[in-house]
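First residue of the first sequence: 57, per the numbering used here; consecutive thereafter. Even glycine gets a Cβ: it sits at the ideal position worked out from N, Cα and C.
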Amino acid sequence: MSFQSLLHTAALESLQQLYGQSFEATDFQVTATKPEFSGDYTIVFFPLLKKLRRKPEELGNELGEKIIALFPEAFTGFNVIKGFLNLQLADGNLVQFLKENSNDPSYGKKVSNGETVMVEYASPNTNKPLHLGHLRNIFLGWSMSEILAANGYQVVKSSIINDRGIHICKSMIAWQLYADGATPQSTDTKGDHFVGDYYVKFNDVYQQQIAELTASGMEKKVAEKEAPIMKQAQEMLLQWEQGDEQVRALWATMNSWVYEGFDKTYNRIGVGFDKVYYESDTYLLGKEYVQEGLDKKILFRKEDNSVWIDLQDVNLEEKLLLRGDGTSVYMTQDIGLAIQKFEQYPLKKSMYVIGDEQLHHMKVLKAICRKLGFPFADDIFHLSYGMVELTTGKMKSREGTVVDADDIIEEMAGTAAAHTAALGKVEGSTEEALSKLYDTLGQGAMKFYLLRVDPKKRMVFNPEESIDFHGYTGPFVQYTYARIKSILRKANVDEQRFEFSVSTENLFKLEKELILLLENYGSILDESAREMNPSIIANYAFSVSKLFNSFYAEHSVLQAESEAKKSFRLALSMMTANVIKSSLKLLGINVPERM
RNA sequence: GGCCCCGUAGCUCAGUGGAUAGAGCAACAGCCUUCUAAGCUGUGGGUCGAACGUUCGAGUCGUUCCGGGGUCACCA
57 MSFQSLLHTA ALESLQQLYG QSFEATDFQV TATKPEFSGD YTIVFFPLLK KLRRKPEELG
117 NELGEKIIAL FPEAFTGFNV IKGFLNLQLA DGNLVQFLKE NSNDPSYGKK VSNGETVMVE
177 YASPNTNKPL HLGHLRNIFL GWSMSEILAA NGYQVVKSSI INDRGIHICK SMIAWQLYAD
237 GATPQSTDTK GDHFVGDYYV KFNDVYQQQI AELTASGMEK KVAEKEAPIM KQAQEMLLQW
297 EQGDEQVRAL WATMNSWVYE GFDKTYNRIG VGFDKVYYES DTYLLGKEYV QEGLDKKILF
357 RKEDNSVWID LQDVNLEEKL LLRGDGTSVY MTQDIGLAIQ KFEQYPLKKS MYVIGDEQLH
417 HMKVLKAICR KLGFPFADDI FHLSYGMVEL TTGKMKSREG TVVDADDIIE EMAGTAAAHT
477 AALGKVEGST EEALSKLYDT LGQGAMKFYL LRVDPKKRMV FNPEESIDFH GYTGPFVQYT
537 YARIKSILRK ANVDEQRFEF SVSTENLFKL EKELILLLEN YGSILDESAR EMNPSIIANY
597 AFSVSKLFNS FYAEHSVLQA ESEAKKSFRL ALSMMTANVI KSSLKLLGIN VPERM
């Protein structure tokens, strides 16, 4: 049981003994004591004053005395200010807690709860390489998966690849027209970039053709439809749908180039998937449920034979599910895939990491599933996040105004190298070890930067300013870890077997605060899963590092006042390192042993 | 226009209805013969977008308004 819930229980019991009536959770709150007051945890008991008709000082003192009388080993002192009762935890408690957990690398991790959740993320189109916006999505998805796993869930990481449609045909037609048989191999280009270049090429030609047509007197809107290259792309999409062998072959080839490129990026940033769905396999799903819905009269047909669902009773609009010609729309296949996921896995939750421009779409998806009578409708969760924009405006692949994922990953590693060189910390390491370090630090900076902000807030990225390595950053947390490891190496402790002798000396303020913060890790884990918010973890990892660095500056570990104290501080350092390492892992960030 | 999200220090952001609203960056002043200065300590900087309301208590809850964004496709 956590210290906080221990106090909650103690307070409930004390109140009952004192006043002989039952109390509810809303009668008082237990919070961490603000640093400017003495004490560790605070009972806020304003609401009780009315209920019991007592003065604050009286009630506070009675309650404080009762708690200490009932739990003398846990609490050693208290003070009352207005409606706040500040309790002091016994140092012995904290030392005992540290003793039990300091050398447990999986401290905080919950045991399996037997429930499975799916997290769908990344979900790229196959006509262009990944950019910074995708990275926010990917890191969020990966991080949420890790957080849920640490909370005891079995996690299935999934991705739906948008591998068909007009956008792919644009790259394909441009390649056919202008590549002259070039391939990623022949041009020494990463596959996704190679295909993306032809997507840009398509758009260049398209714009030029529109300009020519409008110059010869055609209206712009007509020109946009009549441009020859656009017509060719549409023709190609038609051929794809009819299963034209040549088109399908080209499509398969170009997609394979893209996948090869994506895999390189995924590998570098250390993410992956347990289940990959392809839209070319799923885009016909959902149709059978339309027939079922029609039979049950949940759906209806209009004069033109199109099929709709009426959601006006839940404050949404009428939504089309099948066109008049019987073809399906995006929503139809999304319903089909949603169903398939629950059929394939025993899911407790199905989570989608998708940008907030699709909030409405996901709301409608849930509403339709509910209406069609699927009980899983309420187990669908949309982790929506704000767009990443640039100081120069929105990122648009077809206009080339994007921060490319591979570029920024490489750039961050370069920045890490520059910082390291400037600090003169490159001696005595192999080329290989250094390159690995730079990648760890660069990615630490980038991942932390993208995850430290509440997902629902949109972000503006300035490509002119590189991501920071000081202050509230990944490298700051990583640095704290490396510092601790350096101490532990010098002390020659076996981290797996280390046991410290219990110190009878009083704890210093910073020591106490640090233990309390480490103790809080479990509830932070809960909260980040419940709120679907990795920034809570980032925030926490920073707080732990910040506090440890203060402790480090104030107290010496290796030159401690006594052997017992040294041993205690080694344990405290070890546990801090463990918590930093596991919380960063939840963000997809690795820790360096030295830096 | 309807609905949703955001608005907190110059900038980027924290802040389960509780005490004097906190960090980082930027600025300024200190701290490396002592465990890694990618660090630590301190100073300055606020009408929490505005008003009204609920409450013992509001940055937090409600209403209205202002500003920014998104969305309301037989696009994906």
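With a threshold of 16 other beta carbon atoms within 10 Å, residue 511 meets it and is buried.
Between residue 529 and the set 519, 600, 543, the nearest pair of CA atoms involves 600. Under the 8 Å Cβ criterion, the region 199-210 does not count as touching the region 239-258, having fewer than three qualifying pairs. The bridge partners DSSP lists for residue 98 are 87, 142. In the three-state reduction of the DSSP assignment, residue 357 falls in the strand class.
Taking residue 266 as the centre and dropping the five residues before and after it, the same chain places the C-beta of 276, 279, 280, 283 closer than 8 Å to its C-beta, in chain order. Counted as a single uninterrupted DSSP element, the beta strand (DSSP E) harbouring residue 377 occupies residues 374-378. Non-local C-beta neighbours of residue 415 in its own chain, meaning closer than 6 Å and more than five positions away in sequence, comprise 440, ordered along the chain. Scanning its chain for C-beta atoms nearer than 8 Å, with the 5 sequence neighbours on each side dropped, one finds around residue 98 the residues 86, 87, 88, 89, 90, 140, 141, 142, 143, in chain order.
Beta-bridge analysis with DSSP links residue 366 to 374. In this structure, the CA atom of residue 329 is about 22 Å from the CA atom of residue 418.
When C-alpha distances from residue 426 are compared across 369, 647, 533, the shortest belongs to 369. Cβ-Cβ separation between residue 645 and residue 465: approximately 13 Å, too far for a contact (criterion under 8 Å).
A direct Cα-Cα distance of roughly 30 Å separates residue 186 from residue 581. Residue 526 is classed as exposed because its beta carbon has fewer than 16 other beta carbons within 10 Å across all chains shown.
Across the set 398, 400, 377, the C-alpha of 377 shows the shortest separation from the C-alpha of residue 389.
At a cut-off of 3 residues, the continuous stretches assigned as beta strand (DSSP E) that sit fully inside the region 441-488 are 444-446.
With contacts defined by Cβ atoms closer than 8 Å, residue 227 and residue 209 do not form a contacting pair.
Linking residue 358 to residue 384 through their CA atoms gives a straight-line distance of about 15 Å.
Straight through space, the alpha carbons of residue 540 and residue 568 are spaced by roughly 18 Å.
If you draw a 10 Å sphere on the C-beta of residue 340, you find fewer than 16 other C-beta atoms in it, and that means exposed.
The Cβ-Cβ distance between residue 365 and residue 288 does not fall below 8 Å.
Between the region 427-435 and the region 471-490, the count of C-beta pairs closer than 8 Å stays below three; the two stretches do not touch. About 7 Å separates the beta carbons of residue 407 and residue 176, which is inside the 8 Å limit, making them a contact pair.
Taking the C-beta atoms as reference points, residue 82 is found no nearer than 8 Å to residue 112. Check the Cα spacing between residue 200 and each of 239, 437, 122: the tightest is with 437. Our two residues, residue 331 and residue 401, have alpha carbons roughly 11 Å apart in a direct line. Here DSSP, grouped into helix, strand and coil, assigns residue 174 to strand.
Between the alpha carbons of residue 409 and residue 397 lies a distance of about 15 Å. When DSSP states are grouped into helix, strand and coil, residue 558 belongs to the coil group. Pairing residue 647 with residue 499 gives a Cβ-Cβ distance that is not under 8 Å. Taking each of 96, 114, 604 in turn and checking the Cα distance to residue 132, the smallest one comes out for 96. Bridge pairing for residue 218: 181 [DSSP]. Rounded to whole angstroms, the Cβ separation of residue 632 and residue 572 is 12 Å, and the two are not in contact under 8 Å.
A Cβ-Cβ distance of about 5 Å is found for the pair residue 630 and residue 158, placing them in contact under the 8 Å criterion. Boundaries of the alpha helix (DSSP H) around residue 201: 188-206.
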